[in-house]
Every structure is written in C-alpha cells, then in structure tokens.
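Number 68 in my numbering belongs to position 68 of the sequence shown; there are no gaps in the numbering. First the structure, in the form of structure tokens, and then the observations on it.
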Amino acid sequence: MKTMVVGWILIYLLIATPVAAEEIQAQTPAADEPLVLSLRDAIRNALEQNLELAVERQNPEIRRPEITVEKARFDPSLRLGVKGGKTIRPSASAADVAILGAGAVSPIESNSLQYDLGIEQQWSSGGRYTLAWDVTRQGGVSTVFDPNFGSALSVTVTQPLLKGFGPAVNRTDLILAQNNFSVSRAAFERKATEIAAGVEEAYWELVYLRKNYKVELEKRRAAQELFAMNRAKVEQGLIAPIEILVAEAAVADREEDVLSAEKQVRDAEDRLRRDMNVSASALQDIPIIPADEPSVAPAEVRIREAVDTALDERRDLREARLELKNREQSVLQTRNQARPALDFEGTAGLNGLGSTYADDLDRLGSRDFYSWEAGVVFTLPLGNRAARSAYIRQKMELEKTALNLKKLEQDVVVELKEAVRSVETDQRRIVTTGKSRALADKKLETETERLRLGLSTTQNVLEFQKDLAEAQRREIRAIVDYNKSQTRLARARGTLLRDRGIVLESSLRDRERNP
C-alpha cells in the first residue's frame with residue numbers, strides 16, 4: 001500500500017509541477033509588456049489607420065472642387081482687346097478722270113486702331129449680359145474729322161423665357177455637385193460607423209474570451225485541488241486509488257481546455273489587430289488587455305424614438321435621400337429642356353464721335369446719340385424626340401430611386417426593432433444566467449462537502465465543476481452579448497460614433513481646424 005502511495009505521489013509531482021509553470025506562462029504569454037487598450041482607443045486607432053477609410057476620406061475632398069467649378073460658371077469675366085489695321089482701296093474720282101483719263105484710279109489709304117473693353121456674366125436665371133466699351137481711332141477717311149475718334153458704350157442682354165429659364169434649371173450642375181459632395185461625406189461617415197462597430201464587437205469578443213480563459217484556469221485549479229485532496233486521502237487509506245486516477249485524468253482534460261482557450265484569446269487579439277489595421281511590428285506579438293469592463297446597467301429603449309432617430313441619423317438613408325434629390329433635379333432639368341425655346345434679345349448703347357478723344361467723350365456723355373434694338377426668337381424642334389426620351393428616362397429613374405428609398409426605410413425599421421429586442425432579451429439573459437451560475441456554485445459547494453464526508457464521488461464533483469464553469473460562461477456570454485447588442489442598436493440608430501464621443505476628421509483640412 002505504501003509503495004502504491006509513493007508511486008502516485010511521484011506521478012503527481014511529475015504532472016502537477018509543469019502544470020503550475022504553464023499556468024504562469026499562460027497568464028503572461030509574452031515577455032513584452034501587455035497593451036492595455038480601452039474601447040475608445042481601439043476605435044480611434046482603427047479610424048485613423050484603416051486603409052479603406054483612408055480611401056473614403058479622400059472622396060469628399062475630390063468632390064469639393066466640383067462645387068467651386070460649378071459656382072465659377074456664374075463668375076463675371078473681363079475682356080480687353082486691342083487691334084489695328086490699314087486699308088488701301090482704289091478710288092476713281094472726277095478729278096482723276098479729268099487728269100488721267102477714263103478708267104484711271106488712285107489709291108486711298110486709311111488706318112484704324114480699336115480698343116475694346118467689356119464685362120460679361122451669366123445669370124442663374126439662364127440669361128447673359130455683356131457690357132462693352134469700344135473706342136476706335138480712324139485716319140484717312142472722308143469725314144469732317146480726319147483723323148477721328150469714335151466710341152460706343154453698349155449693353156446686350158439675352159434671356160431665355162421657356163427652355164433654359166430659371167435658377168432651378170441653370171443651377172442643376174451646382175446642386176448635383178453639392179449633393180454629390182454630401183453623398184461622399186455620408187458614405188465616409190457610414191464606412192467609419194461600420195469599422196467602429198466591427199472593432200467594438202471584436203473588442204467585446206476578446207473580453208469574453210479572456211474571461212472564458214480565466215474560467216478554464218479556475219476549472220483546472222479546482223481539478224488540481226481535488227487531485228491533491230484525493231492524494232492525501234489515498235495516503236491516509238480513506239479512499240481507493242482509482243479516485244486519484246479520475247482526478248488526474250480531469251487535470252489532463254482541463255489542461256487541454258486551457259490551451260484551447262488560450263488559442264482563442266490569441267486569435268481574438270489578431271482579429272482585433274486586423275480590424276485596427278495594425279501594421280506588421282512588435283505590436284503583433286504583444287498581448288492585448290481590454291481596459292473596459294462590459295456594462296450590465298439596464299437600458300430603456302423606446303422603439304418610436306429609436307425609429308425617429310434612425311430615420312434622421314442613418315447615413316445610408318441620407319445618401320439615398322440625396323440621390324433622390326439628384327433624380328428630382330434631373331427630372332426638372334430634362335422637363336425644361338423638352339420645352340420650345342423663346343429667347344429675348346436686346347441691345348442698347350450710346351455713341352460718340354470727335355476729332356479728339358475729349359470731343360468723342362463729350363458727345364457720348366450727352367446721350368443725344370444712341371441706339372437700341374430688342375426682340376424675341378422662337379425655336380421649336382420638330383419631333384423633339386431626344387429631349388422627350390431623356391425626360392421619360394429620368395422620370396423612371398426617379399420612381400426607381402423613390403422605391404429604393406422606401407425599401408431602405410423599411411429595412412432600417414426592421415433592423416432597429418430586431419436590435420431593440422436583442423437588447424431586451426440579453427438583459428433578461430443576464431438575470432437568468434446569473435441565477436443559474438449562483439445555483440451551480442451552491443451545488444458544487446454542497447457536493448464538495450459531501451465528498452469530504454465520503455458521501456459522494458470524485459466524478460460527481462468533477463461534473464459539478466464543469467456545470468459551474470458552463471454556467472459562468474453562459475453568464476459572461478450574456479453580458480458580452482448585451483454589450484454587442486447595444487453596439488448594434490447604436491449602429492442601427494446611426495448614433496454609434498456620437499455615442500462613443502468620436503468626432504470624425506474627413507480631411508487634413510478638418511485636422512487643421514481641430515488640432
């Protein structure tokens with residue numbers, strides 16, 4: 001009997017000592033100092049380093065100059081021109097015929113120098129005006145003043161009255177550019193929300209797996225204590241040696257569970273690193289210790305308020321509504337382009353003339369010499385098939401976009417209701433799993449005491465230990481799932497970043513405004 005006891009003691013020393021060393025190693029798996037990471041820092045790191053988001057961040061900056069380009073269409077332009085010329089033409093005067101005979105001609109030479117200064121601008125109404133001032137010096141002409149100065153100050157206005165009339169039509173490209181910029185901004189924010197939600201769920205999964213790892217360590221420790229207790233009883237001859245074999249087998253099984261749990265933790269750390277886009281560096285091998293504990297505080301959610309918030313805050317809905325506005329604007333423009341053209345054209349001006357430039361300006365300023373003309377031009381394309389077809393196509397696109405928006409709103413409401421129900425269900429799961437864990441703990445305590453009194457078996461106690469560990473896992477899972485459900489609810493509402501206190505920087509320009 002003593003020989004058998006000594007043998008079991010040697011077996012225990014060979015098995016238990018490495019296990020204790022591995023437990024220490026598992027708790028600190030790397031020589032480097034662990035990275036204690038808060039949830040907020042994890043999200044910020046992901047938003048700062050994610051490559052897909054970096055691409056999306058550029059799109060609003062690419063779209064921004066398009067707005068300036070379209071606004072520039074209504075900027076005035078200045079025209080300044082100078083040109084000179086010389087003309088030699090034949091002339092057959094009576095004096096030439098008398099002196100040189102029939103068919104005789106003499107050359108007449110004239111020269112000119114013209115200055116042209118003007119301003120023109122297109123209006124958002126579709127019209128255009130031109131204000132021009134022309135000054136011409138002529139010499140060698142048959143006038144009282146030779147040389148003479150002639151000037152003209154005129155304004156010309158063209159205004160469409162049907163096709164191409166109105167700011168709503170002529171600002172179409174500008175409105176589309178502004179909407180497209182807002183769409184790209186909303187797409188950037190939507191992508192950032194998706195990334196933040198993914199990081200948050202990965203963070204809470206790591207929290208769960210680390211707690212599960214601790215449960216496995218505790219389960220192994222309990223098996224080791226049971227093994228030690230059975231060994232002592234075998235030495236005292238109180239129980240059969242088979243009981244120590246049962247405990248020994250349990251220690252080996254739970255060692256395997258610890259290794260599996262440790263692997264799951266490392267895998268979860270890698271997934272979190274991937275979501276944060278951590279580059280290949282020393283950080284790849286540093287353990288991540290979540291600094292935040294999952295919340296168990298009850299959350300009251302009102303469906304109607306949540307739906308209203310989602311319909312107002314969701315970025316995908318904002319993108320869809322902006323796309324609908326673009327379609328409405330395109331329908332407005334193509335409907336206008338299908339109309340016949342009726343354009344008003346008018347010109348009015350003052351004229352001057354003199355032997356000197358001063359005389360020319362005096363006559364121009366007297367307003368005695370003026371000119372004007374005005375009229376309308378009507379143009380009707382026969383058939384007008386191209387414009388009508390474009391209008392019909394845009395109307396169909398508008399109807400399609402409106403249906404897509406309605407479908408998206410329905411999907412958002414369904415998603416939101418599911419998220420709210422998940423939060424409520426997980427709240428109840430926390431209560432029930434907590435009760436289950438407390439009962440399992442009490443059952444194990446009772447069964448362990450019965451084993452000390454010789455009223456139970458090692459196998460029974462091991463089963464109760466497994467039951468307790470499973471109850472602890474279910475409780476931890478319920479708590480972590482509750483926090484994940486809150487993440488999905490905030491994402492469904494469209495308020496995840498705001499709720500987490502994250503302010504997005506869409507560009508270097510934003511970073512300069514928010515150092």
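Just so it is clear, CB atoms sit at the ideal spot from N, CA and C, and this is done for glycine as well.
Ignore the nearest five residues each way along the sequence and tell me which others in residue i's own chain have a CB closer than 8 Å to its CB.
i      : result
Ala187 : Glu56, Asn59, Arg315, Glu319
Glu120 : Pro76, Ser77, Arg79, Arg128, Tyr129, Thr130, Leu131
Lys233 : Ile239, Glu243
Asp362 : Gly352, Gly354
Asn482 : Position check: residue 482 holds Tyr in this sequence, whereas Asn was assumed. Once the five neighbours on either side are set aside, the close Cβ partners of Tyr482 are Pro294, Ser295, Val296, Val423, Asp426, Gln427, Arg429, Ile430.
Gly501 : Arg40
Asp499 : Ala490
Select from the options the residue whose C-alpha is nearest the C-alpha of residue i.
i      : options                        : result
Tyr213 : Ile242, Pro298, Ala268         : Ala268
Arg89  : Arg63, Ser110, Val69, Val82    : Ser110
Gly81  : Thr136, Ala42, Ser38           : Thr136
Ile244 : Gln264, Ala223, Ala261         : Ala223
Lys466 : Leu206, Leu496, Gly198, Lys219 : Lys219
Ser485 : Leu444, Lys443, Ser112, Lys417 : Lys417
Arg274 : Gly84, Val36, Glu52, Glu409    : Glu52
Ala310 : Ala419, Glu424, Pro241, Leu37  : Ala419
Trp372 : Thr347, Gly383, Ile288         : Thr347
Trp123 : Asn460, Gly166, Ala197, Arg185 : Gly166
Arg221 : Ile289, Ala196, Val258         : Val258
Thr495 : Arg428, Asp312, Thr458         : Asp312
Leu489 : Ala440, Val413, Leu462, Gln236 : Val413
Val480 : Val503, Ala358, Val207         : Val207
Gly118 : Asp41, Thr156, Phe464          : Thr156
Asp359 : Asn148, Lys442, Lys406         : Asn148
Pro340 : Gly84, Trp133, Gly383, Arg304  : Gly383
Ordered along the chain, which non-local residues of its own chain (more than five positions away) have a Cβ less than 7 Å from that of residue i?
i      : result
Pro515 : Low local confidence applies: a pLDDT of 35 at Pro515 is under 50, so the model's placement there is unreliable, with the coordinate-based value given in what follows. Nothing listed; no residue qualifies.
Asn277 : Ala46, Gln49, Asn50, Leu51
Val169 : Gly126, Leu332, Gln333, Asn336
Can you tell me whether residue i is buried or exposed? The criterion is at least 16 other CB atoms within 10 Å of its CB, across all chains shown.
i      : result
Ala469 : buried
Gly126 : buried
Pro298 : exposed
Arg452 : exposed
Ser184 : buried
Thr425 : exposed
Val376 : exposed
Arg302 : exposed
Tyr357 : exposed
Val461 : buried
Met229 : buried
Ala196 : buried
Gln27  : Annotation note: pLDDT 38 at Gln27 (below 50); position unreliable, coordinate value reported separately. Classification of Gln27: exposed, given that the 10 Å Cβ count is below 16.
Arg254 : buried
Gly198 : buried
Leu364 : buried
Arg231 : buried
Arg393 : exposed
Thr458 : buried
Val215 : buried
Ile62  : exposed
At what residues does the beta strand (DSSP E) containing residue i begin and finish?
i      : result
Ala132 : 128-139
Pro287 : Where Pro287 is concerned, there is no enclosing beta strand (DSSP E), given that its DSSP letter is neither H nor E.
Leu350 : 341-354
Ser151 : 148-160
Ser375 : First, the residue type needs correcting, since residue 375 is Gly and not Ser in the sequence shown. Residues 370-379.
Ignore the nearest five residues each way along the sequence and tell me which others in residue i's own chain have a CB closer than 6 Å to its CB.
i      : result
Asn179 : Leu322, Lys325, Asn326
Phe378 : Leu342
Tyr370 : Leu350
Thr433 : Arg474, Glu475, Ala478
Val265 : Leu209, Arg210, Tyr213
Thr548 : What is shown of the chain runs 1 to 515, which leaves residue 548 out entirely.
Ala387 : Gln337, Ala338
Asp510 : Model confidence at Asp510 stands at a pLDDT of 43, short of 50, so the residue's coordinates are unreliable; what they give is reported in the following sentence. None.
Ser38  : Ala291, Asp292
Ala440 : Asp467, Leu468, Ala471
Ala390 : Thr334
Ala21  : With a pLDDT of only 30 at Ala21, under the threshold of 50, the placement of this residue in the model should not be trusted; the figure read from the coordinates follows. Result list for Ala21: empty, nothing under 6 Å.
First and last residue of the alpha helix (DSSP H) that includes residue i?
i      : result
Gly434 : 385-452
Ala358 : 357-366
Val36  : Not the alpha helix (DSSP H): Val36 falls in the beta strand (DSSP E), residues 35-37.
Leu226 : 172-236
Asp75  : Where Asp75 is concerned, there is no enclosing alpha helix (DSSP H), given that its DSSP letter is neither H nor E.
Counting contacts by CB-CB distance shorter than 8 Å, is residue i in contact with chain C?
i      : result
Leu311 : Chain labels in this structure do not include chain C; a single protein chain is all it has.
The region 158-178 in contact with the region 291-309 per 3-pair CB rule at 8 Å = Contact fails: fewer than three Cβ-Cβ distances are below 8 Å.
Is there contact between the region 321-336 and the region 398-413, where contact requires at least three CB pairs shorter than 8 Å?
-> yes
Touching or not, the region 168-178 and the region 59-75, by the rule of three or more beta carbon pairs under 8 Å?
-> Touching, yes, given that three or more Cβ pairs across the two stretches are closer than 8 Å.
Using 8 Å as the Cβ pair cut-off and three pairs as the minimum, do the region 148-157 and the region 194-204 touch?
-> no
Any chance the region 40-49 sits against the region 182-198, with 3 or more Cβ pairs inside 8 Å?
-> yes
How about the region 344-356 and the region 448-465: do they share at least three Cβ pairs that are nearer than 8 Å?
-> no
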